[in-house]
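Per our numbering, the sequence shown starts with residue -16, numbered consecutively.
Beta carbons: idealized from backbone N, C-alpha and C, even for Gly.
Written below as structure tokens is the structure these notes are about.
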Amino acid sequence: MLAKSLLVHFGDEERIFKASQAKLLNVPGIGEKTLRYLDFGTALSRAEEELRFMEKNDVKVIFYTDSAYPKRLKNCADGPILLYAKGDFNLNPAHVISIVGTRSATEYGKQLCRQLVEELQQHNVLIVSGLALGIDVTAHKESLKQNMPTVGVLGHGLDRIYPAQNRSVAEKMLENGGLLSEFPSGTIPDRENFPQRNRIVAGLADATVVIEASVKGGALITAEIANSYNRDVFAFPGRVNDEYSEGCNFLVRNNKAALLTCPADLAYSLGWELADGTKPVIEQLALPIDLSVDERIIFDIIRQHNSPLAIDDLTFKTNMPMSQLVMNLLNMEMQGFIRSLPGKTYCTN
-16 MLAKSLLVHF GDEERIFKAS QAKLLNVPGI GEKTLRYLDF GTALSRAEEE LRFMEKNDVK
44 VIFYTDSAYP KRLKNCADGP ILLYAKGDFN LNPAHVISIV GTRSATEYGK QLCRQLVEEL
104 QQHNVLIVSG LALGIDVTAH KESLKQNMPT VGVLGHGLDR IYPAQNRSVA EKMLENGGLL
164 SEFPSGTIPD RENFPQRNRI VAGLADATVV IEASVKGGAL ITAEIANSYN RDVFAFPGRV
224 NDEYSEGCNF LVRNNKAALL TCPADLAYSL GWELADGTKP VIEQLALPID LSVDERIIFD
284 IIRQHNSPLA IDDLTFKTNM PMSQLVMNLL NMEMQGFIRS LPGKTYCTN
């Protein structure tokens, strides 16, 4: 924020470094105490060192005033003054989606992620995530498989890859997408860097999708930031007693995210058209629904029925005790697989 204030006040970078202390004190946010910590000489020396690193490693810098700077991020008050970039990508395409989630993703969550990315392929979307384990790297891998550009936003400098096991994916991303960071080389992946990184993940995109997250995970931080930017947030539901579904269910329950029940929901909700000008068709969830045996029986019976099915009929068809049936129905409704209608009847979503 201070760097932006200086730039707005003086008009260009050269004038900032030539300004007297008296002129610097006229900048909003700079007082005597701040002025004592401004060391332009050290900053210039560090910049020269960074330039040598960039030239050697084919790293580009995208400054706040550059046309290549992401316009969506520029609309965020706390967007970084500059970004370090490596790879081949356009940060201002028509459609950008950020996908985030837990590092401890289940196979259910990974499959949801893969099918979402596959669905988005027809809309020429840039996929953004954080190159973490779990959902993040699954989104990047599927983007590469679908020949879609994908960008990983890092919480450290571009002189390293963290976690190291994602290095091969990161290298492949340089061919169709790449890596982005606001941190100069030499910055290690400290814990406090990642919430800061998350605001870039949220700010780059039209919408953020959360796939599996605990209530204390970084994915929820990203969702909260996206909400603060007035960007759309979406979440897939999960089983009510699963740790890595608690975050998604919390977002939906508190109206912090719109519910997704199938991959096509996203493009439909955002009003995106296909290449031929038509709208995407919403089909029933064709995903590995994580239901218990009893819930699967109930779901199949309701789905096969052409009209809403009354709870008494469900009791007869499933041969389940009423108390057991009611608990299963409630769990399925909370996950977004069925809807309750007037007259104690049920239908699939």
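- Query: What is the DSSP secondary structure of residue 143, reduced to helix, strand or coil?
  - Reply: The residue you call residue 143 lines up with position 160 of the sequence shown. Three-state result, residue 143: coil.
- At what residues does the alpha helix (DSSP H) containing residue 186 begin and finish? Here residue 186 refers to the residue found at position 203 when the sequence shown is read from its first residue. DSSP places residue 186 in the uninterrupted alpha helix (DSSP H) bounded by 176 to 186.
- Return the first residue and the last residue of the beta strand (DSSP E) that residue 12 is part of. In the sequence shown, residue 12 corresponds to position 29, counting from 1. Segment: none, residue 12 is in no beta strand (DSSP E) and carries neither H nor E.
- Start-to-end residues for the alpha helix (DSSP H) that takes in residue 212: The residue labelled residue 212 in the question sits at position 229 within the sequence shown. It is not in any alpha helix (DSSP H) - residue 212 carries neither H nor E in the DSSP assignment.
- alpha helix (DSSP H) segments (min. 4 residues) lying fully within the stretch 110 to 170: 118 to 128 and 150 to 156
- Residues of its chain near residue 322, where Cβ-Cβ distance is below 8 Å and the 5 sequence neighbours each way are ignored: Position 339 of the sequence shown, counting from 1, holds the residue named residue 322. 316, 329, 330, 331 and 332.
- Message: Tell me which residue opens and which closes the alpha helix (DSSP H) that residue 96 is part of.
- Response: On the sequence shown, residue 96 is found 113 positions in, with the first residue counted as 1. Per DSSP, residue 96 belongs to the alpha helix (DSSP H) from 90 to 103.
- Item | residue 241 beta carbon less than 8 Å from that of residue 252 | For the purposes of this step, residue 252 is taken as the residue at position 269 of the sequence shown. For the purposes of this step, residue 241 is taken as the residue at position 258 of the sequence shown. Yes, Cβ-Cβ distance for residue 252 and residue 241 is below 8 Å.
- Query: In terms of residue numbering, what span does the alpha helix (DSSP H) encompassing residue 233 cover?
  - Reply: Here residue 233 refers to the residue found at position 250 of the sequence shown. It spans 229 to 236 - the alpha helix (DSSP H) in which residue 233 sits, taken as one unbroken run.
- Item | Whether residue 117 touches residue 150 by CB criterion (8 Å) | As a working mapping, residue 117 is identified with position 134 in the sequence shown. As a working mapping, residue 150 is identified with position 167 in the sequence shown. In this structure, residue 150 does not lie closer than 8 Å to residue 117 by Cβ.
- Uninterrupted alpha helix (DSSP H) stretches inside the stretch 18 to 98 (no shorter than 4 residues): Here the runs fully enclosed are 23 to 40 and 54 to 57.
- Item | Beta-bridge partners of residue 108, as assigned by DSSP | If you number the sequence shown from 1, residue 108 lands on position 125. For residue 108, which the question treats as bridged, DSSP gives the partners 78.
- Item | Straight-line Cα distance separating residue 128 from residue 160 | Looking up residue 160 in the sequence shown gives position 177. Looking up residue 128 in the sequence shown gives position 145. Using only the alpha carbons, I get a separation of about 13 Å.
- List the endpoints of the continuous alpha helix (DSSP H) containing residue 324. As a position in the sequence shown, residue 324 is number 341, starting the count at 1. Counting along the chain, residue 324 falls outside any alpha helix (DSSP H), though it belongs to the beta strand (DSSP E) covering 321 to 324.
- State yes or no: is the C-beta of residue 234 within less than 8 Å of the C-beta of residue 218? Reading the sequence shown from its first residue, position 251 is the one you call residue 234. Reading the sequence shown from its first residue, position 235 is the one you call residue 218. In this structure, residue 218 lies closer than 8 Å to residue 234 by Cβ.
- Item | Per-residue DSSP class, three states only, for residue 250 | Position 267 of the sequence shown holds residue 250. Residue state, collapsed to three classes: helix.
- From 289, 291 and 309, residue whose alpha carbon lies closest to that of residue 298: Against the sequence shown, residue 298 aligns to sequence position 315. For residue 298, the closest alpha carbon among the candidates 289, 291 and 309 is that of 309.
- Message: Let me check understanding here. Comparing Cα to Cα, which of 311, 290 and 318 lies closest to residue 326?
- Response: In the sequence shown, residue 326 corresponds to position 343, counting from 1. Of 311, 290 and 318, the residue nearest in Cα terms is 290.
- Message: For a test of the three-state rule: what should DSSP assign to residue 293, helix, strand or coil?
- Response: Within the sequence shown, residue 293 is the residue found at index 310, counting from 1. If DSSP states are grouped into helix, strand and coil, residue 293 belongs with the strands.
- Looking at C-alpha atoms only, which residue of 164, 231, 283 and 238 is the closest neighbour of residue 318? As a first step, residue 318 must be located in the sequence shown, where it is residue number 335. Answer by Cα proximity: 231.
- Query: How big is the Cα-Cα spacing for residue 178 and residue 15?
  - Reply: Within the sequence shown, the letter at position 195 stands for residue 178. Within the sequence shown, the letter at position 32 stands for residue 15. Approximately 30 Å, taken between the alpha carbons.
- Item | Residue burial classification, residue 269 (beta-carbon count within 10 angstroms, cutoff 16) | To locate residue 269, count along the sequence shown from 1; it is residue 286. In this predicted model, residue 269 has a pLDDT of only 41, less than 50, meaning its place in the structure is not dependable; the value taken from the coordinates is given anyway. In the assembly as shown, residue 269 is an exposed residue. Its beta-carbon has fewer than 16 other beta-carbons within 10 Å.
- Could you pull out every residue in the same chain whose Cβ sits closer than 6 Å to the Cβ of residue 267, ignoring the five residues on either side in sequence? The sequence position of residue 267 within the sequence shown is 284, counting from 1. In this predicted model, residue 267 has a pLDDT of only 46, less than 50, meaning its place in the structure is not dependable enough to derive any value.
- Report the partner residues of residue 330 according to the DSSP bridge assignment. Counting from 1 along the sequence shown, the entry for residue 330 is found at position 347. DSSP lists 322 as partners of residue 330.
- Message: Could you check whether residue 67 and residue 164 sit closer than 8 Å to each other, using their CB atoms as the reference points?
- Response: Mapped onto the sequence shown, residue 164 falls at position 181. Mapped onto the sequence shown, residue 67 falls at position 84. Yes, these two residues count as a Cβ contact at 8 Å.
- Task: Return the chain-ordered list of same chain residues with a C-beta closer than 7 Å to the C-beta of residue 305, the five sequence neighbours on each side being excluded.
- Result: Position 322 of the sequence shown holds residue 305. So the qualifying residues of the chain are 298.
- Task: Please list, in chain order, all residues of the same chain as residue 170 whose beta carbon is under 6 Å from its beta carbon, the five residues on each side excluded.
- Result: Counted from its first residue, the sequence shown places residue 170 at position 187. Within the same chain, residue 170 has close Cβ partners 139 and 140.
- Going by Cα to Cα distance, which pick from 84, 93 and 78 is closest to residue 104? Residue 104 sits at position 121 when you count from the first residue of the sequence shown. Comparing Cα-Cα distances from residue 104 to each of 84, 93 and 78, the minimum goes to 78.
- Item | Beta-carbon proximity check, residue 100 vs residue 115, cutoff 8 Å | On the sequence shown, position 117 is the one that residue 100 refers to. On the sequence shown, position 132 is the one that residue 115 refers to. No, they are not a contact pair.
- Task: Would you decide whether residue 20 is buried or exposed? Buried here means 16 or more other CB atoms lie within 10 Å of its CB.
- Result: For the purposes of this step, residue 20 is taken as residue 37 along the sequence shown, with counting starting at 1. Classification of residue 20: exposed, given that the 10 Å Cβ count is below 16.
- Short Cβ contact (8 Å threshold) for residue 168 with residue 46: Residue mapping note: residue 168 aligns to position 185 of the sequence shown, counting from 1. Residue mapping note: residue 46 aligns to position 63 of the sequence shown, counting from 1. Contact flag unset, no.
- Query: In whole angstroms, what separates the C-alpha of residue 198 from that of residue 90?
  - Reply: Looking up residue 198 in the sequence shown gives position 215. Looking up residue 90 in the sequence shown gives position 107. Taking the straight line from one Cα to the other gives about 19 Å.
- Cβ-based neighbour list, residue 203, same chain, cut-off 6 Å, excluding 5 preceding and 5 following: As a working mapping, residue 203 is identified with position 220 in the sequence shown. Closer than 6 Å at Cβ, skipping near neighbours: 196 and 230.
- Task: Using a threshold of 8 Å, state whether the C-beta atoms of residue 132 and residue 109 are closer than that.
- Result: Within the sequence shown, the letter at position 149 stands for residue 132. Within the sequence shown, the letter at position 126 stands for residue 109. Taking 8 Å as the Cβ cut-off, residue 132 and residue 109 qualify as a contacting pair.
- Might you give, ordered along the chain, the residues of its own chain that have their beta carbon closer than 6 Å to the beta carbon of residue 284, omitting 5 neighbours on each side? As a position in the sequence shown, residue 284 is number 301, starting the count at 1. 300.
- If you measure from the beta carbon of residue 9 to each beta carbon in chain B, is any gap under 8 Å? Note that chain B does not occur in the displayed structure, where there is just one protein chain.
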